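Student: Okay, here's the structure, questions in a sec.
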Amino acid sequence: MSKVLIIGVGGVGTVVAHKVAQNSDVFTDIVLASRTKSKCDKVAADIEKRLGVKVTTDSVDADSVDQLVALFKKHQPKLVINVALPYQDLTIMDACLACGVNYLDTANYEPKDVAHFEYSWQWAYKDKFEKAGLTAILGCGFDPGVSGVYTAYAAKHHFDEIHYLDIVDCNAGNHHKAFATNFNPEINIREITQKGRFYENGKWVETGALEIHKPLSYPNIGPKDSYLMYHEELESLVKNFPSIKRARFWMTFGQEYLTHLRVIQDIGMARIDEVEYNGMKIVPLQFLKAVLPNPQDLGENYEGETSIGCRIRGLKNGKEKTYYVYNNCSHHNAFLETGMQGVSYTTGVPAMIGAMMFLTGKWNKVGVYNVEEFDPDPFMEQLNKQGLPWHEVFDGDLEL
Ligand code: NDP
Numbered sequence: 149m150s151k152v153l154i155i156g157v158g159g160v161g162t163v164v165a166h167k168v169a170q171n172s173d174v175f176t177d178i179v180l181a182s183r184t185k186s187k188c189d190k191v192a193a194d195i196e197k198r199l200g201v202k203v204t205t206d207s208v209d210a211d212s213v214d215q216l217v218a219l220f221k222k223h224q225p226k227l228v229i230n231v232a233l234p235y236q237d238l239t240i241m242d243a244c245l246a247c248g249v250n251y252l253d254t255a256n257y258e259p260k261d262v263a264h265f266e267y268s269w270q271w272a273y274k275d276k277f278e279k280a281g282l283t284a285i286l287g288c289g290f291d292p293g294v295s296g297v298y299t300a301y302a303a304k305h306h307f308d309e310i311h312y313l314d315i316v317d318c319n320a321g322n323h324h325k326a327f328a329t330n331f332n333p334e335i336n337i338r339e340i341t342q343k344g345r346f347y348e349n350g351k352w353v354e355t356g357a358l359e360i361h362k363p364l365s366y367p368n369i370g371p372k373d374s375y376l377m378y379h380e381e382l383e384s385l386v387k388n389f390p391s392i393k394r395a396r397f398w399m400t401f402g403q404e405y406l407t408h409l410r411v412i413q414d415i416g417m418a419r420i421d422e423v424e425y426n427g428m429k430i431v432p433l434q435f436l437k438a439v440l441p442n443p444q445d446l447g448e449n450y451e452g453e454t455s456i457g458c459r460i461r462g463l464k465n466g467k468e469k470t471y472y473v474y475n476n477c478s479h480h481n482a483f484l485e486t487g488m489q490g491v492s493y494t495t496g497v498p499a500m501i502g503a504m505m506f507l508t509g510k511w512n513k514v515g516v517y518n519v520e521e522f523d524p525d526p527f528m529e530q531l532n533k534q535g536l537p538w539h540e541v542f543d544g545d546l547e548l
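The opening position of the sequence shown corresponds to residue 149 in this note's numbering, with each subsequent residue numbered one higher.
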């Protein structure tokens, strides 16, 4: 019996719920809980119709440890998959410790009042999880997530030393909206508008937001302008693979998207501090989220595909070699399978696989770990089976 509790039923949570239900030999009992129970009920009904699998639903405010503890005591899951927002990571980890439940998430903790991305808050739980005999798996989406597993796989099978790592993330899809974000708008805009940062020769180098960019060619897509930004997995990867001399993260953005983003910032709508409005306090970015298209509703007319991978240069048997491992994911196919678009799909599928790794005993160390600290092989095998097949290019031109 492996009971899993999914918290959060946005685009990513919906995909996780579908994929978990598709693998009901591993996940024998499924509970889906979020702030708004009616959204969980809708997804549960869709899953029962598509797959004939029953999903129990519940409501919880995951900002409250007391409510989480009550929820965990009621359902007694073996593992919680946290696909709510990064703000809830620590409260959910606290409740896991209080109730003896294992933990998995897809994004590092962020305090609400400052857009700051680092693992220190969650790594600080290592001793507590070890003492409790519990496992916490951090950052198990695509990036972070598969990007770390790809790197671990490259280190295990193809390199003696990884020297240069570039994670490249392209969304070449078209949702036919003037402006929309592909996952939670508040989290997405906080991430993109921060300063750029990359790792070189033991130091972090800061750049202006989206200041450095260059065209990179993506398989089956072609060249796309790609922007250097900070991304959280860089922090754990340079720690876990100390031979890395330089690590960077690149993401593609269209001109139309960037123009909208600039206007949003210029007029103050990206602010995350409170402002007075009609006698009440509102956070402009949270208000903006309420009027932007819901990422969950983008799937139906979404064309094109995503392409995310790792481009790596390093040494094997004393010789320099290059390696590129990537996945392309069709928005339309993701929609047909789960009702959600490709960005939610590429995040939700790896979260399910990480949970499967834990529940089947393949990833079973106690403590708090990033995904690259586990054996990549069984995870890579499941990526091919669960809808995110990967491809390799050896000794090609990395363009970087
Ligand atoms: P959404 O905003 O679509 O969904 C978030 C869900 O969490 C909603 O169901 C929301 O409920 C629920 N929620 C928010 N606050 C609370 C709370 N206090 N208590 C209980 N439930 C709450 O987000 P996404 O699905 O797009 O993203 C989910 C997570 O995935 C985010 O953390 C995001 O950063 C991460 N992500 C990771 C990626 C990766 O590759 N690693 C890529 C993309 C996303 P309600 O509907 O009531 O608001």
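Quick reminder that beta carbons are idealized off the backbone N, C-alpha and C, glycines included.
Just so you know, these numbers come straight off a predicted model, no measurement behind them.
Are the region 534–544 and the region 474–488 touching, with three or more C-beta to C-beta distances below 8 Å?
Tutor: Touching, yes.
Student: Mind listing, in chain order, the continuous beta strand (DSSP E) runs of no fewer than 3 residues lying wholly within the region 332–374?
Tutor: For the region 332–374, whole beta strand (DSSP E) runs of length 3 or above, ordered along the chain, are 344–348, 351–355, 361–366.
Student: Output yes or no for whether 8 Å exceeds the beta carbon distance between V386 and Y425.
Tutor: No. Outside cutoff.
Student: Suppose you measure from the CA of T454 to the CA of H479; what does that come to, to the nearest Å?
Tutor: Straight-line Cα distance between these residues: approximately 7 Å.
Student: Decide yes or no for the touch test of the region 495–503 against the region 168–179: beta carbon pairs closer than 8 Å, at least 3 of them.
Tutor: Short answer: they touch.
Student: May I ask you to check if the CB of A284 is nearer than 7 Å to at least one heavy atom of ligand 1?
Tutor: A284: no, Cβ never under 7 Å from ligand 1.
Student: Are there any heavy atoms of ligand 1 lying less than 7 Å away from the beta-carbon of G159, as far as the coordinates show?
Tutor: Yes, the Cβ of G159 comes within 7 Å of a heavy atom of ligand 1.
Student: Expressed to the nearest angstrom, what Euclidean distance is found between the alpha-carbon atoms of D525 and V152?
Tutor: Computed Cα separation, rounded: 23 Å.
Student: If you run the structure through DSSP and keep just helix, strand and coil, what is G490?
Tutor: G490: helix per DSSP, three-state reduction.
Student: Buried or exposed, going by whether 16 or more other CB atoms sit within 10 Å of the CB of Q403?
Tutor: Under this definition Q403 is an exposed residue.
Student: Counting Cβ pairs closer than 8 Å, one from the region 235–250 and one from the region 209–219, do we hit at least three?
Tutor: Yes, since at least three Cβ pairs between the region 235–250 and the region 209–219 fall closer than 8 Å, the two stretches touch.
Student: Grab the span of the alpha helix (DSSP H) containing D275 for me, first residue to last.
Tutor: From DSSP, the alpha helix (DSSP H) with D275 extends over 274–280.
Student: Do three or more CB pairs link the region 287–307 to the region 513–528 at distances below 8 Å?
Tutor: In short, these stretches touch, since the Cβ pair count reaches three.
Student: Relative to the C-alpha of I178, which candidate in F220, T204, V294 has its C-alpha closest?
Tutor: Nearest option by C-alpha distance: T204.
Student: Looking at the C-beta of L238, does it have a partner C-beta in chain B at a distance below 8 Å?
Tutor: This model lacks chain B altogether; it includes just one protein chain.
Student: Taking 7 Å as the cut-off, is the C-beta of I335 nearer than that to any heavy atom in ligand 1?
Tutor: Indeed, a heavy atom of ligand 1 lies less than 7 Å from the Cβ.
Student: Should I315 be labelled buried (16 or more other beta-carbon atoms within 10 Å of its own) or exposed?
Tutor: I315 is buried by the Cβ-count criterion.
Student: Could you name each continuous beta strand (DSSP E) segment of 3 residues or more that falls completely within the region 437–512, going from the start of the chain to the end?
Tutor: Listed in chain order, they are 453–464, 467–478.
Student: V231 to V294, Cα distance in whole Å?
Tutor: For V231 and V294, the distance between alpha carbons rounds to 16 Å.
Student: Once you ignore the five residues that flank N368 on each side, which residues in its own chain have a CB closer than 6 Å to its CB?
Tutor: Same-chain partners within the cutoff: N476.
Student: Going straight from the alpha carbon of L313 to that of T254, what length do you get?
Tutor: Each residue's Cα considered, the two are about 21 Å apart.
Student: So, for E359: in the same chain, excluding its five sequence neighbours on each side, which residues have a beta-carbon less than 7 Å away from its beta-carbon?
Tutor: Closer than 7 Å at Cβ, skipping near neighbours: G344.
Student: Inspect the beta-carbon positions of K464 and F290 and report whether they are closer than 8 Å.
Tutor: Their beta carbons are not under 8 Å apart, which means K464 does not touch F290 by this criterion.
Student: Just checking my contact of P441 with A328 at CB under 8 Å: how many whole Å lie between their CB atoms?
Tutor: Sure, about 4 Å apart at Cβ, within 8 Å.
Student: With C-beta atoms as the reference, is I456 less than 8 Å away from L436?
Tutor: No, these two residues do not count as a Cβ contact at 8 Å.
Student: Confirm, please, whether the CB-CB distance from I310 to G462 is below 8 Å.
Tutor: Against a cut-off of 8 Å, the Cβ pair of I310 and G462 comes out as a contact.
Student: Sort out for me which residues DSSP pairs H539 with in a bridge.
Tutor: According to DSSP, H539 bridges with Y474.
Student: Report the rounded CA-to-CA distance for E485 versus I154, giving the unit in angstroms.
Tutor: Roughly 19 Å separates the two Cα atoms.
Student: Looking at T400 and ligand 1, is the gap between the Cβ and the nearest heavy atom below 7 Å?
Tutor: For ligand 1, not one heavy atom lies less than 7 Å from the Cβ of T400.
Student: Do V497 and F277 come within 8 Å of each other at the CB atom, strictly closer than that value?
Tutor: Taking 8 Å as the Cβ cut-off, F277 and V497 do not qualify as a contacting pair.
Student: For ligand 1, any of its heavy atoms closer than 7 Å to the Cβ of V423?
Tutor: No, since every heavy atom of ligand 1 falls outside the 7 Å radius drawn around the Cβ of V423.
Student: Please determine whether the Cβ atom of Q236 lies at a distance below 7 Å from any heavy atom of ligand 1.
Tutor: Under cutoff, so the answer is yes.
Student: V353: buried (16+ other C-beta within 10 angstroms of its C-beta) or exposed?
Tutor: Per the 10 Å Cβ criterion, exposed.
Student: What residue range is occupied by the uninterrupted beta strand (DSSP E) comprising D545?
Tutor: No beta strand (DSSP E) contains D545, which DSSP labels as neither H nor E.
Student: Just reading off the alpha helix (DSSP H) that A303 is part of, what are its end residues?
Tutor: 294–305 is the span of the alpha helix (DSSP H), which, as asked, contains A303.
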